[in-house]
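Colleague: If you're matching positions, the sequence shown starts at 9 in the working numbering and goes up one per residue.
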Amino acid sequence: MLLHYIKNPKRTGAVCSSSKRLSNIITENIGIENASNIIEIGPGLGVFTKYILSKKQKDCVFFAVEINENLAKNLCRKIKDIDVEVGSAEFLESMMKKRNMQYADVIVSGIPWALLSRVEQDRILQSIYKALKPGGYFATFAYVIPTLHAKNFKKKIFYTFNSVKTSNVIWSNIPPAFVYYCKK
9 MLLHYIKNPK RTGAVCSSSK RLSNIITENI GIENASNIIE IGPGLGVFTK
59 YILSKKQKDC VFFAVEINEN LAKNLCRKIK DIDVEVGSAE FLESMMKKRN
109 MQYADVIVSG IPWALLSRVE QDRILQSIYK ALKPGGYFAT FAYVIPTLHA
159 KNFKKKIFYT FNSVKTSNVI WSNIPPAFVY YCKK
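(1) With a Cβ-Cβ cutoff of 9 Å, do Thr155 and Ala112 count as a contact?
(2) Please determine if the stretch 43-58 and the stretch 155-164 are in contact, where contact requires at least 3 C-beta pairs separated by less than 8 Å.
(3) Return the Cβ separation of Glu93 and Phe70 in integer angstroms, given the expectation that the two are a contact with Cβ distance under 8 Å.
(4) Assuming Asn149 contacts Ala97 under a Cβ cut-off of 8 Å, what Cβ separation, rounded to an integer in Å, is found between them?
(5) Taking only the alpha-carbon atoms, compute the straight-line gap between Pro183 and Pro142 and give it to the nearest angstrom.
(6) List, from N- to C-terminal side, the alpha helix (DSSP H) runs of 4 residues or more that fit wholly inside the stretch 70-152.
(7) For Ile153, does the count of other Cβ atoms within 10 angstroms reach 16, so buried, or fall short, so exposed?
(8) Between Ile27 and Ile178, is the Cβ-Cβ spacing less than 9 Å?
(9) Ends of the alpha helix (DSSP H) at Ala158?
(10) By a C-beta neighbour count over all protein chains shown, 10 Å radius and 16 as the cutoff for buried, is Asn76 buried or exposed?
(11) Who are the Cβ neighbours of Asn45 in its own chain at under 6 Å, not counting the five residues just before and after it?
(12) Between which two residues does the beta strand (DSSP E) carrying Lys173 extend?
(13) Between the beta-carbon of Ile40 and the beta-carbon of Ile60, is there less than 9 Å?
(14) Starting from Asn45, trace the beta strand (DSSP E) both ways and give me its first and last residue.
(15) Comparing C-alpha positions only, which one of Phe169, Tyr189, Leu124 and Asn37 sits nearest to Lys138?
(16) Looking at the structure shown, is Lys66 part of a helix, part of a strand, or coil, going by DSSP?
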């Protein structure tokens, strides 16, 4: 993970994997258990993926979007029969069409928002918003490290979504993080 991060931090997102505690919290209270369609963006090594797969219904349509081809290949080796699309989340609409998915009930993201430019944040966030059904949930996390891009992202999600709640800080994560629960 460290080598991938050093080579291209935007396409890796973190120096180390998210904690089990963060993985559990990001997948709580967003309706995964009752969802028909779930998308994970930026699964990386699959820490969130395992929690999503353990909580979702068997007949739920699920796919993951990973921009880093090497991480996508590793994920496919780790988790059999997983549907992973290599590409940018700004193209969710075409990815969903391939799978006959009209909307997503839940989208979980491990994207490194603070490393993205304003334009990249806007494009991906609008793609996510369009992909969600009304009443659907988008869950993502942020590190407790105040940066300009992190502050801009926070403003954008509060402006974009009907309801945004945050979790308590997960101090056991490295670095410490919290979750945004966004409802369309």
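Cβ atoms here follow ideal geometry from the backbone N, Cα and C, with glycine treated the same way.
Modeller: Let me spell this out:
(1) Taking a C-beta distance under 9 Å as the contact criterion, Thr155 and Ala112 do not qualify as a contact pair.
(2) Contact fails: fewer than three Cβ-Cβ distances are below 8 Å.
(3) Contact flag wrong, Cβ pair sits at about 12 Å.
(4) According to the sequence as given, residue 149 is Phe; it is not Asn. The pair is not a contact, with the Cβ atoms about 15 Å apart (cut-off 8 Å).
(5) Using only the alpha carbons, I get a separation of about 33 Å.
(6) Runs found: 77-86, 100-106 and 126-139.
(7) Exposed, because fewer than 16 other Cβ atoms sit within 10 Å of the Cβ of Ile153.
(8) A small correction: the amino acid at residue 27 is Ser; Ile does not occupy that position in the sequence shown. With respect to the 9 Å criterion, Ser27 and Ile178 are classified as neighbours on the basis of their beta carbons.
(9) Looking at the DSSP string, the run of the alpha helix (DSSP H) that includes Ala158 is Leu156 to Thr168.
(10) With 16 or more other Cβ atoms within 10 Å, it is buried.
(11) Spatial neighbours of Asn45 in its own chain (CB-CB distance under 6 Å, excluding positions within 5 residues in sequence) are listed in chain order as Val69, Met109, Ala112 and Asp113.
(12) Counting along the chain, the beta strand (DSSP E) containing Lys173 begins and ends at Ser171 to Thr174.
(13) In terms of Cβ geometry, Ile40 and Ile60 form a close pair [threshold 9 Å].
(14) Note, Asn45: beta strand (DSSP E), Asn45 to Ile49.
(15) For the residues Phe169, Tyr189, Leu124 and Asn37, the minimum Cα distance to Lys138 belongs to Phe169.
(16) Reduced to three states, the DSSP call for Lys66 is coil.
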